[in-house]
Amino acid sequence: MIPGGGQPNMQQLLQQAQKMQQDLANAQEELGRTEVEGQSGGGLVKATVTGSGELRALVIDPKAVDPEDTETLADLVVAAVQAANENAQALQQQKLGPLAQGLGGGSGSGIPGLPF
1 MIPGGGQPNM QQLLQQAQKM QQDLANAQEE LGRTEVEGQS GGGLVKATVT GSGELRALVI
61 DPKAVDPEDT ETLADLVVAA VQAANENAQA LQQQKLGPLA QGLGGGSGSG IPGLPF
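The sequence shown begins at 1 in UniProt numbering and counts up one residue at a time.
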């Protein structure tokens with residue numbers, strides 16, 4: 001028989017929840033500092049975003065610049081930013097996924113406000 005009628009120790013649960021909240025905050029802070037890159041056009045355009053998805057840098061090789069065809073350049077920029085954001089989302093999954101499961105998120109339900 002479990003002492004206390006099998007009821008969970010509320011103090012212990014509260015401490016676990018506070019630790020998980022702190023771990024989540026630390027992981028989010030780390031994501032904000034970590035930079036990932038995406039590229040398009042075989043490296044003609046490179047975008048750098050933080051792990052939280054903030055665009056930090058955009059590098060365009062002069063070979064990608066054709067004044068007669070700005071549409072292709074725009075497409076390359078969009079593709080590079082999308083690739084960088086996909087890499088950021090993968091990093092978020094890696095860093096925050098285990099924490100989301102620890103908070104009861106499990107697969108598919110995620111944490112409100114987070115993109116997974």
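The C-beta atom is built at its ideal place from N, Cα and C for all residues, glycine as well. All figures in this text were calculated on a predicted structure; none of them were measured in a lab.
Query, Result
"Contact set for Asp23: own chain, Cβ-Cβ below 7 Å, skip 5 residues either direction", "Leu99"
"Any 3 or more C-beta pairs closer than 8 Å across the stretch 23-36 and the stretch 60-77", "no"
"8 Å CB neighbourhood of Arg56 in its chain, flanking five on each side removed", "Glu35, Thr48, Val49 and Thr50"
"Limits of the unbroken alpha helix (DSSP H) element including residue 139", "Coverage of the chain is limited to positions 1 through 116, which leaves residue 139 absent and any answer about it impossible."
"For Val78, three-class secondary structure by DSSP", "helix"
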